[in-house]
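Taken in order, these protein sequences are the chains called A and B. Under the working numbering, the first residue of the first sequence is numbered 1, with each subsequent residue one higher. Under the working numbering, the first residue of the second sequence is numbered 1, with each subsequent residue one higher. All residues carry an ideal CB built from backbone N, CA and C; glycine is no exception. None of these values were measured; they are calculated from a predicted model. This report refers to the structure that appears directly beneath it.
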Amino acid sequence: MKSSRFDATVLTLGFAFLYIPIIILVIYSFNASKLVTVWGGFSLQWYRTMWSNQGLMDAAWITARVGVISATIGTVLGTLAALSLVRFTRFPGRMLFSGMIYAPLVMPEVITGLSMLLLFVAVGIDRGFWTVIIAHTTFTMCYVAIVVQSRLLTFDRSLEEAALDLGCPPVKTFFKITLPLIFPAVIAGWMLAFTLSLDDLVIASFTTGPGATTLPIKIYSQVRLGVTPEINAICTILIGLVTIGVIITSISTKQAEMRRIRDEHVAARGTT
Amino acid sequence: MASVSETHPANKPSPARWLVVAVPYLWLLLFFVAPFLIIFKISLSETAIAMPPYTPLFDGFGAIGDFVSELDFDNYLFLTDDPLYIEAYLSSLRIAVISTFLLLLIGYPMALAMARAPTMLRPTLVMLVILPFWTSFLIRVYAWIGILKPDGLLTLLFQSVGLFGADDQVQIFRTDYAVFIGIVYSYLPFMVLPLYSALEKMDNTLLEAASDLGCPPWKAFWKITFPLSLPGVIAGSMICFIPITGEFVIPDLLGGADTLMIGKTLWTEFFGNRDWPLASAVAVILLIMLVVPIMIFQNQQKKVA
């Protein structure tokens, strides 16, 4: 069993590498001392300074709104895109379409951001809140499409076909059968889109305008000036929110899955 | 299965069904493809001191002839003239290649260990890899500044264990080493997950057969495990290599003044020098460099789907 000891060591080191920097950051947000390396006792003072920093709070509010709106539009568009990819095997330009879904996933952000900005300038749209939303929607919808697509690929179509055979119109079948079945993936896609939007610095920097400074832009401009406990505090809050969100989604997804399996068992017993 | 769905009444074209394809299709054409055409066009125009700071190449579609005669390759000539740009491209490629290799070196044993872990544990391990990916990129890079700074936590640690004297400091921050650490740290989940999904699917009976026939484990790894995990290796490498080449945040926050990366150059041209056409030309060349890796990635994805 030499290899299992090797595996355990690798995983321990790997996860230590992934988590220690984040844990240190969180710990030092409660540091009373302003010096990052000196521990001056437990304190919540940086959370208070952060709270009274109007610029930071405004940016947080803008970021939250951009995130919710762009994630919602992106989820609708991404779900439609996933349906197109999985359910329509032939339509003109399908190659281009799947290319357009996969390319934004790996495209360097500086290219996406710059090209997006040049479009807005060429069309004559003033940059600001809505241009950031359009930009975020465009790249997050591709992530949603991938998440929903992987669910649709393992999807049992017999329920859908039964509904259609019984005369249920396609649109109604989608809302009554398909959507409830893929809903956990749609929610996971929304969460992913929201965190990606919350996280984005580069694309937002290119596409934003006066009065639409998002939180990453604000954090970035302060980080360039040096490490401050106040930034640690806001980062800790963001990490906390995301962690809670991920845990809630994964638990509710698991419950939905278990409910579905139970329902299927009941249904199977009913038919025999 | 495919034949059933294609002959099914539900798959006949209907207005609602066309809408499903058309809406995301048009959105991506308008906001993803059109911008690339514009960036290409502006990279061929002259810099002007105005808002927007470039001369319009053509207004209206009747002016194609004018357009061709006015094409201006000065920005590209400028890029090839100045060794700084060529160095920046080469240096980006070098950093991306080395970091992708480092990521494979660290990510592969992790993915392998996850795939060999008891089935019960695997979902938790996957979750632990994904979780850091959900926390902000910027925050994760920022966390390293506090560790790597000359008066940061790593220096403190080395001093307290007696490895360093009181005056010694870790000289990693603002060097290429810090950039490598930042990149490997930020991209590790992107490397581990595709590798894991390739390794997890592997048929263990092959390895058992090899060992029954007297093949030593390391040989079995190179003869069986590694070749079978190649799709994961390619997918993970491309998912990391392509964005790393254009990376901006990590070299900007952790790298030094002499860390040349093309994403940083593009940012400076755009935000610092306000030379939009030159920034566009930098972007077009970067894009051309990445066409082949992007196509490899696309093919890989299509095979998976």
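Using the Cα positions of residue i and residue j, report the straight-line distance between them to the nearest angstrom.
| i | j | result |
| --- | --- | --- |
| Met95 of chain A | Ala81 of chain A | 13 Å |
| Ala283 of chain B | Thr207 of chain A | 16 Å |
| Pro132 of chain B | Leu201 of chain A | 17 Å |
| Leu114 of chain A | Ala204 of chain A | 10 Å |
| Glu264 of chain A | Gly263 of chain B | 52 Å |
| Leu77 of chain A | Trp18 of chain B | 14 Å |
| Thr137 of chain A | Ala210 of chain B | 50 Å |
| Cys125 of chain A | Met116 of chain A | In the sequence as displayed, the identity of residue 125 of chain A is Ile instead of Cys. For Ile125 of chain A and Met116 of chain A, the distance between alpha carbons rounds to 11 Å. |
| Ser99 of chain B | Ser92 of chain B | 10 Å |
| Val246 of chain A | Ile95 of chain B | 33 Å |
| Pro123 of chain B | Met202 of chain B | 17 Å |
| Leu287 of chain B | Ile111 of chain A | 8 Å |
| Leu159 of chain A | Leu213 of chain B | 48 Å |
| Arg90 of chain A | Leu90 of chain B | 41 Å |
State buried or exposed for residue i, treating a residue as buried only when at least 16 other CB atoms are found within 10 Å of its CB.
| i | result |
| --- | --- |
| Leu193 of chain B | buried |
| Ile219 of chain A | buried |
| Gly67 of chain A | buried |
| Leu290 of chain B | buried |
| Lys41 of chain B | buried |
| Asn31 of chain A | buried |
| Phe31 of chain B | buried |
| Gln149 of chain A | buried |
| Ser160 of chain B | exposed |
| Val292 of chain B | exposed |
Could you tell me whether the Cβ of residue i comes closer than 8 Å to any Cβ of chain B?
| i | result |
| --- | --- |
| Tyr143 of chain A | no |
| Tyr47 of chain A | no |
| Ile239 of chain A | yes |
| Val132 of chain A | no |
| Ala32 of chain A | no |
| Leu18 of chain A | yes |
| Asp199 of chain A | yes |
| Ala185 of chain A | no |
| Gln255 of chain A | no |
Can you pull the chain B neighbours of residue i, defined as C-beta to C-beta under 7 Å?
| i | result |
| --- | --- |
| Thr195 of chain A | Trp134 |
| Ala81 of chain A | Pro24 |
| Phe97 of chain A | Tyr25 |
| Met100 of chain A | Leu28, Phe32, Val33 |
| Leu179 of chain A | None at all; the shortest Cβ gap to chain B is about 13 Å. |
Taking Cβ-Cβ distances shorter than 8 Å, what residues in chain B pair up with residue i?
| i | result |
| --- | --- |
| Ile138 of chain A | Checking the sequence, you will find Thr at residue 138 of chain A rather than Ile. Those within 8 Å of Thr138 of chain A in chain B are Trp27, Leu28, Phe31, Phe32. |
| Ser250 of chain A | Met127 |
| Ala212 of chain A | The premise fails here: Ala212 of chain A is roughly 16 Å from chain B at the closest Cβ pair, so nothing lies under 8 Å. |
| Ile244 of chain A | By Cβ distance, chain B contributes nothing, its closest Cβ being about 11 Å from Ile244 of chain A, past 8 Å. |
Are the C-beta atoms of residue i and some chain A residue less than 8 Å apart?
| i | result |
| --- | --- |
| Gln301 of chain B | yes |
| Phe78 of chain B | no |
| Arg116 of chain B | yes |
| Met238 of chain B | yes |
| Gln298 of chain B | yes |
| Pro392 of chain B | No statement about residue 392 of chain B is possible, as the shown extent of chain B runs from 1 to 305 and does not include it. |
| Ile224 of chain B | no |
| Ala16 of chain B | yes |
| Ile250 of chain B | no |
| Val291 of chain B | no |
Give the interface partners of residue i over in chain A, defined as CB-CB distance under 9 Å, in chain order.
| i | result |
| --- | --- |
| Ser280 of chain B | Leu114, Ser115, Leu118 |
What in chain A is Cβ-close to residue i, meaning under 8 Å?
| i | result |
| --- | --- |
| Met110 of chain B | Val10, Leu11, Gly14 |
| Ala283 of chain B | Val110, Ile111, Leu114, Ser115 |
| Phe101 of chain B | What Phe101 of chain B touches in chain A: nothing, since even the nearest Cβ is about 17 Å away. |
Using a Cβ cut-off of 7 Å, pull out every chain A residue sitting near residue i, in sequence order please.
| i | result |
| --- | --- |
| Ala113 of chain B | Asp7, Val10, Leu11 |
Return the residues of the region 56–89 of chain A that lie within a Cβ-Cβ distance of less than 8 Å from chain B, sorted by chain order. Leu77, Gly78, Leu80, Ala81, Leu83, Ser84, Leu85, Arg87, Phe88, Thr89
Which residues of the region 200–220 of chain B have a Cβ closer than 8 Å to any Cβ of chain A? Give them in chain order. Pro217
Any C-beta of chain A within less than 9 Å: which residues of the region 138–166 of chain B qualify? Leu138, Ile139, Arg140, Val141, Tyr142, Ala143, Trp144, Ile145, Gly146, Ile147, Lys149, Asp151, Gly152, Leu153, Thr155, Leu156
According to a CB-to-CB cut-off of less than 7 Å, which residues of the region 253–270 of chain B neighbour chain A? Leu253, Gly263, Leu266, Trp267, Phe270
Which residues, in chain order, does the region 166–194 of chain B contribute to contact with chain A at a C-beta distance below 9 Å? Val184, Tyr185, Leu188, Pro189, Val192
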